[in-house]
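> The sequence shown begins at 17 in this note's numbering and counts up one residue at a time. Heads up, the beta-carbon is just placed ideally off N, CA and C, and yes, glycines get one too. Here you go, one structure.
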Amino acid sequence: MACTAGKADPCRDCPVRRTGFCGTLPDGLRRRMSGFALPAVHGSDHWLWDPEDGSGPVTVLRRGYLRLLRYSVDGRRLITGIAGPGAVIGEILPRRGRYEVECATEVSLCTFARAPFEHLAAEEGALRRAIRRERGRALDALHGHIWMRGLQTPEERLAVFLVRACEMLPFQRLPSGGGVLALVVPRADIADLIGTTRETISRLTHRWQDEGLMSIPDGTHLVIHDPDGLARRGGLGPRGSEKDLPPDAAPEPWSRDATGQTATQRRYL
């Protein structure tokens with residue numbers, strides 16, 4: 017479902033061609049969908065989707081990150097999730113998700129008019145199955161978010177976020193077993209998502225730095241020296257295992273193939 021040109025395969029240059037939602041589709045179906053995909057690039061804070069418009073387009077995120085949010089009756093912003101490359105937005109909870117979608121960073125995406133998308137889904141079982149799988153992923157992330165906000169302390173919530181962020185935000189593995197995590201989404205979004213403040217995030221990360229769990233080279237990177245120790249701070253087992261988590265909140269596998277890439281990449285936080 018990429019938008020780049022190419023006679024044989026218009027999707028050939030898409031960064032999520034083999035991952036995320038698109039990676040679950042047969043090549044022929046993906047090429048068929050590329051025929052009515054519309055490319056778009058938006059800057060950060062661009063408002064993307066109206067929650068009341070059930071006829072709006074379906075969007076596949078190619079690059080960048082989106083924030084899913086609601087506003088309380090007193091006007092407070094409530095971020096309910098962050099979607100990353102490979103995620104599909106607008107079809108997961110159609111006509112029921114009363115949330116807005118904004119660009120947390122600059123994004124590149126493909127949009128599909130709803131009518132032809134739904135017509136194709138009615139014809140193609142592979143597309144219907146891919147939608148069901150993506151709905152399951154999004155709901156698992158939402159259940160985990162509810163569990164985290166309702167039962168954990170701010171320290172545990174931040175630790176869980178960072179563990180899961182290593183599967184979604186840019187993360188470079190180091191030979192020591194840790195890695196460098198790039199916090200490309202705004203700190204304000206992270207604080208809102210986990211129900212704390214930027215000041216609390218700064219205090220906790222500097223305390224963990226003093227304890228040797230991580231280093232803070234600059235304002236947008238964390239060098240995580242002890243991933244297992246960080247996972248334990250969040251009540252998780254080693255490297256985000258399912259220990260101590262309710263079934264719906266279990267994180268995705270951390271297993272990696274011979275190239276060092278994750279076998280299952282998280283698309284929602």
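From the DSSP output, in three-state form, read off Asp234 for me.
Residue state, collapsed to three classes: strand.
> Distance, Cα to Cα, Arg151 vs Pro191?
The straight-line gap from Cα to Cα measures roughly 35 Å.
> Run through the segment 118-157 for me and flag every whole beta strand (DSSP E) of 3 or more residues, listed as ranges in chain order.
Entirely contained in the segment 118-157, the beta strand (DSSP E) runs reaching 3 residues are, in chain order, 123-128.
> Mark Pro243 as exposed unless 16 or more other C-beta atoms lie within 10 angstroms of its C-beta, in which case mark it buried.
That one is buried.
> Please report how far the alpha carbon of Ala146 lies from the alpha carbon of Val76, in whole angstroms.
Going by the C-alpha atoms only, they are around 13 Å apart.
> For the beta strand (DSSP E) containing Gln188, name the first residue and the last one.
Element bounds for Gln188: Phe187 to Arg189.
> Below 8 Å, how does it come out for the segment 159-171 and the segment 188-207: are there three or more Cβ pairs, yes or no?
The segment 159-171 vs the segment 188-207: no contact.
> Using CA coordinates, which residue listed in Ala53, Val57, Arg92 and Gly44 is at the minimum distance from Ala204?
Comparing Cα-Cα distances from Ala204 to each of Ala53, Val57, Arg92 and Gly44, the minimum goes to Arg92.
> Which runs of the alpha helix (DSSP H) spanning at least 4 residues fall entirely within the segment 23-81, listed in chain order?
Counting whole runs of 4 or more residues, the segment 23-81 contains the alpha helix (DSSP H) stretches 36-39 and 43-50.
> Check Ala99 in the structure and name its three-state DSSP category.
It is a strand residue.
> Just tell me which of Gly97, His241 and Met49 has its CA closest to the CA of His159.
Per the Cα distances, Gly97.
> For the alpha helix (DSSP H) containing Arg197, name the first residue and the last one.
Note on identity: in this sequence residue 197 is Leu, with Arg being the wrong assignment. Not the alpha helix (DSSP H): Leu197 falls in the beta strand (DSSP E), residues Gly195 to Ala198.
> CB Ala129 to CB Tyr284, shorter than 7 Å?
Not in contact: Ala129 and Tyr284 (Cβ atoms no closer than 7 Å).
> Run through the DSSP bridge pairs and tell me what Val104 is partnered with.
Val76, per the DSSP bridge assignment.
> Looking at the strands, I want to know which residues DSSP matches up with Leu178.
DSSP, once it has assigned bridges, lists no residue as partnering Leu178.
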